[in-house]
Amino acid sequence: MIVDQMRGAGFTAQHLQDERIEKLAHEITLLRFFGSFPKEEKSIALAESIIDGELFGGIPQVKARALALIARYLCVGERAQLAKKWLSCSKKLCQTEEAAIAQAFIDAIELSRVDAASGLLAGGA
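The letter at position 97 of the sequence shown is residue 97 when you use the numbering used here, and the numbering goes up by one with no holes.
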């Protein structure tokens, strides 16, 4: 695959990948509540691209933030297991505020308790 050849040659254009990750994550953030916006499809495509696709070469902080955001957006319903997987990938890259927030959402849903996320208020997140 061309992506593998580019990585092997040391060509990652990291700053361009970071910009693309941030742009796509921002788009999902802004449009996720509109019924006509394909939030799940866009989120899945971005996560897969970050994990082992064309955006793999971004810096860990940018990738971790985006994966955690996606995990939070998709943690309810049939995509919950994917959300947990992406949150785990995010945490392996580096610790972010977004990961702590996503974890609180996942915990609240799993425990069926809204107060599980109350620590976010005390933590200033």
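C-beta atoms are modelled at their ideal positions from N, C-alpha and C, and glycine is treated no differently.
Cα-Cα separation, residue i to residue j
i      : j     : result
Glu98  : Arg65 : 6 Å
Glu78  : Leu93 : 25 Å
Ile106 : Lys63 : 19 Å
Leu111 : His15 : 39 Å
Gln61  : Thr96 : 8 Å
Arg20  : Ala47 : 12 Å
Leu24  : Ile51 : 15 Å
Ala13  : His26 : 20 Å
Nearest-angstrom Cβ-Cβ length linking residue i and residue j, presumed shorter than 8 Å
i     : j     : result
Trp86 : Ile70 : 6 Å
Gly53 : Gln17 : Not really, about 10 Å apart at Cβ, beyond 8 Å.
Host alpha helix (DSSP H) of residue i (start-end)
i     : result
Cys94 : First-last for Cys94: undefined, no H or E at that position.
Ser36 : Per DSSP, Ser36 belongs to no alpha helix (DSSP H) and is neither H nor E.
Val62 : 60-73
Beta-carbon proximity list for residue i, same chain, < 7 Å, skipping 5 on both sides
i     : result
Glu40 : Leu74, Arg79
Ser49 : Leu55
Contact set for residue i: own chain, Cβ-Cβ below 6 Å, skip 5 residues either direction
i     : result
Ala83 : Ala71, Leu74, Cys75
Glu22 : none
Leu31 : Phe37
Lys42 : Ile28
Ile33 : This sequence places Phe at residue 33; Ile is not what is there. None.
Other residues of its chain near residue i: CB distance less than 8 Å, five sequence neighbours each side excluded
i      : result
Ala102 : Ala68, Leu69, Ala71, Arg72, Cys75, Ala83, Leu87, Ser90
Minimum Cβ-Cβ distance from residue i to chain B less than 9 Å
i     : result
Pro38 : Note that chain B does not occur in the displayed structure, where there is just one protein chain.
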